[in-house]
Amino acid sequence: MTFKTPIDRLPTSSNKWNKYAERDILPLWVADMDFTSPPSVIAALQERVAHGVFGYTDPPASLFEAVQTYAAKHYGWQIEADWIVWLPGLVQGINLACRAVGEPGDAVVTATPVYPPFLRAPGLAGRELIKVPLVDRDEDWGWDFAAFDAAIPPNAKLLLLCHPHNPVGRAWRKDELEQILAIAKKHDLLVCSDEIHCDLLLDADLKHTPFASLDPDFAARTITLLAPSKTWNLAGLGCAFAVIPDAALRARCRRETLGLTPSVNLLGYTAAEAAYRDDGKWLAELLATLRGNRELLREWFAQSSKLKITLPEATYLAWIDARAIDPINPLPIFEAHGVGLSDGRDFGLPGYVRLNFGCPRVLLEKALQRMEPLR
Ligand SMILES: Cc1ncc(COP(=O)(O)O)c(C=O)c1O
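For the sequence shown, our numbering gives the first residue as 123, with consecutive numbering after it.
If you want it as structure tokens, here you go:
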């Protein structure tokens with residue numbers, strides 16, 4: 123019953139639930155899910171906790187092996203253990219990429235709307251941010267490759283790619299990735315690809331293609347950011363990693379973190395290894411639950427005259443055009459109706475909101491009932 127029964131997260135200082143602890147607002151904002159992690163992960167954590175000694179810990183060799191085996195099996199991607207750099211969070215990897223590629227004053231390109239740290243990281247690293255708008259094609263969002271190509275200035279050194287894309291929910295197809303690759307080659311860009319949502323593909327016929335796997339030569343110009351945290355709901359355990367095939371780029375990334383970044387929490391390593399070794403039954407049930415919730419959204423929004431939803435192919439996040447309710451800031455209106463969403467302005471698009479449907483269906487139904495007057 124893991125996926126059906128609501129779990130009280132308020133006593134756990136949950137970021138998501140605490141925000142509205144004093145108000146009757148259902149939190150469907152920050153990207154974690156209201157589900158327990160796989161039993162195998164919980165058992166591995168319990169076993170590690172029972173050991174009772176929590177000293178400084180290296181990532182175990184068996185964890186590298188688990189990640190390599192998983193990547194080969196699920197994406198047909200061969201990675202070497204040496205290429206993996208462990209990080210206490212994936213956002214750190216986005217910031218690291220901006221610091222480790224080029225020099226202050228160079229430009230970083232990204233496609234918007236996008237996960238807010240993509241918009242902040244270039245400036246924090248003294249880089250110029252170049253935003254290339256994705257195009258709303260009604261059913262889904264896509265690239266305007268000509269505009270993308272034209273927008274890249276000569277001082278651009280890095281492309282930050284979100285694949286699958288948060289918040290528009292696209293799992294980029296191979297032909298789209300090939301076009302991105304061609305543009306990156308033309309402009310001599312490095313590509314940092316955030317693939318944190320890559321195991322949350324909701325359509326059965328979709329398969330994740332790591333950007334770095336497209337072209338063996340270009341792989342040396344890539345940083346792939348991955349983590350078990352979205353798929354197996356482990357965000358609070360702070361464990362992510364970068365795959366950086368080029369030794370010099372890897373060394374520069376490591377140098378940027380020296381003395382500043384703590385190593386990953388040992389429970390993060392434990393959970394990550396158990397997750398990558400899990401038998402997949404939990405994940406199959408999760409995906410079925412998310413598909414069911416997406417159907418519910420499809421039906422509900424089909425009847426809406428004011429709100430327009432983009433149903434994601436991947437992620438448990440839905441992007442909603444709410445400009446008819448308020449062209450700049452519709453969020454407080456949803457809150458006034460008892461539903462807490464993410465503010466589109468943080469993603470670079472006013473008038474939009476993002477809804478997290480990684481929760482038991484009953485909770486989503488309740489939220490939709492509350493939103494009825496806005497439909
Ligand atoms: C695209 C993307 N990257 C990174 C993260 C967060 O990664 P972390 O919590 O490991 O910093 C998220 C969380 O929502 C995300 O959607």
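For each residue, glycine too, the CB sits at the ideal point set by N, CA and C.
Using only the heavy atoms of ligand 1, determine whether one of them is closer than 7 Å to the beta carbon of residue i.
i: D271; result: no
i: C284; result: yes
i: N288; result: yes
i: L212; result: yes
i: S351; result: yes
i: Y237; result: yes
i: A362; result: yes
i: H330; result: no
i: A357; result: yes
i: I345; result: no
i: D316; result: yes
i: A153; result: yes
i: H319; result: yes
Report the option in the options whose CA atom is closest to the CA atom of residue i.
i: P350; options: H285, F363 and T344; result: F363
i: W151; options: S464, R497 and L471; result: S464
i: R467; options: F267, K253, R416 and P235; result: P235
i: G248; options: F333, G358, R492 and N217; result: N217
i: H285; options: Q425, A304, S315 and E395; result: S315
i: E187; options: W422, G480 and A397; result: A397
i: P449; options: G473, V223, L429 and N288; result: G473
i: V257; options: G177, G291, L382 and I447; result: G291
i: F157; options: D443, A304 and S136; result: S136
i: L280; options: E261, A233 and A293; result: A233
Hey, could you find the ends of the alpha helix (DSSP H) residue i is sitting in?
i: K430; result: That residue, K430, is in no alpha helix (DSSP H); its beta strand (DSSP E) goes K430 to T432.
i: C320; result: Note, C320: premise wrong, no alpha helix (DSSP H); not H, not E.
i: T411; result: K403 to A424
i: L380; result: Note, L380: premise wrong, no alpha helix (DSSP H); not H, not E.
i: R483; result: R483 to M493
i: V254; result: Careful: V254 lies outside any alpha helix (DSSP H), inside the beta strand (DSSP E) at E250 to P255.
i: W139; result: N137 to N140
I think residue i touches residue j, with their Cβ atoms under 8 Å apart; what is that distance to the nearest whole Å?
i: V386; j: P182; result: Wrong, their Cβ atoms sit about 11 Å apart, outside the cutoff.
i: L418; j: R483; result: 7 Å
i: F125; j: L408; result: 7 Å
i: I274; j: H309; result: 5 Å
Just to confirm the assignment, what range does the beta strand (DSSP E) spanning residue i have?
i: F363; result: A362 to V365
i: V313; result: L312 to D316
i: W354; result: Element bounds for W354: n/a, residue is neither H nor E.
i: V230; result: A229 to T234
i: R476; result: Y474 to N478
Can you find a CB in chain C that lies within less than 8 Å of the CB of residue i?
i: S159; result: Looking for chain C here will not work: only one protein chain is present.
Next on the checklist: Taking contact to mean 3 or more Cβ pairs, one atom from each stretch, closer than 8 Å, check whether the segment 394-406 and the segment 147-162 are in contact.
Outcome noted: yes
Checklist entry - Between the segment 310-324 and the segment 428-446, do at least 3 Cβ pairs fall closer than 8 Å? => result yes
Next on the checklist: Pairs of beta-carbons, one from the segment 336-344 and one from the segment 261-268, closer than 8 Å: are there three or more?
Outcome noted: no
Next on the checklist: I want to know whether the segment 142-157 touches the segment 453-462 - three or more CB-CB distances under 8 Å.
Outcome noted: yes
Next on the checklist: For the structure I just gave you, are there three or more beta carbon pairs, one from the segment 326-343 and one from the segment 364-373, closer than 8 Å?
Outcome noted: Segments in contact, yes.
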